[in-house]
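**Student:**
In the numbering used here, the protein residues as written are 1 to 184.
1. Answer with buried or exposed for residue 2, where buried requires no fewer than 16 other C-beta atoms within 10 angstroms of its C-beta.
2. For residue 153 versus residue 171, is the C-beta spacing smaller than 8 Å?
3. My output table needs one value for residue 4: the three-state DSSP class, helix, strand or coil.
4. Using the Cα positions of residue 187 and residue 34, report the straight-line distance between them to the nearest angstrom.
5. Measuring CB to CB, does residue 167 end up less than 8 Å from residue 48?
6. Could you give the distance in angstroms between the alpha-carbon of residue 41 and the alpha-carbon of residue 70?
7. In three-state DSSP terms, what is residue 164?
8. Along the chain, where does the alpha helix (DSSP H) containing residue 115 start, and where does it finish?
9. Assuming residue 173 and residue 96 are in contact, meaning their beta carbons sit under 8 Å apart, how far apart are those beta carbons, in whole angstroms?
10. Ignore the nearest five residues each way along the sequence and tell me which others in residue 102's own chain have a CB closer than 6 Å to its CB.
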């Protein structure tokens, strides 16, 4: 699939920003009820979970790619075109960052808090949020579902340990940028 600046800008403006605003509104209104809310301002120490998450997710994806190459049986996901030029790369970085924040804010932060309040333990919460995250990637085929499953488990583990929304969002966004950089 060829890269389209218009398509990526549309994704940012029409989907990512409104969804992210709604998710963060739901998260921040918990403060009025005396519930914990995520940190709005990133900290330097958020780079640690970002690095761990990025390395983990990338290692999982490269391992699956190697398995698929050697077995010849795993289907590949949709082809992603690489951006060409400075403006397309800026748009790509914004799209990947906003997607990372939107998905991690919902699947990790929001669902973790809601499911925990419902009485589920950390492992069950991670399993449910990861399954839902993976189902949202079914359009990428079985390969994309499996990649999202492994990535979701890794990012859930990092979030459960650090509670850093910024770290996992940066890891997710950086991985998505890597996918575009290696696009076919």
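Every residue gets a Cβ at the ideal spot worked out from N, C-alpha and C, and that includes glycine.
**Tutor:** The structure says:
1. exposed
2. no
3. coil
4. Residue 187 lies beyond the range of the chain shown here (1 to 184); nothing can be said about it.
5. yes
6. 44 Å
7. coil
8. 111–117
9. 5 Å
10. 16, 19, 20
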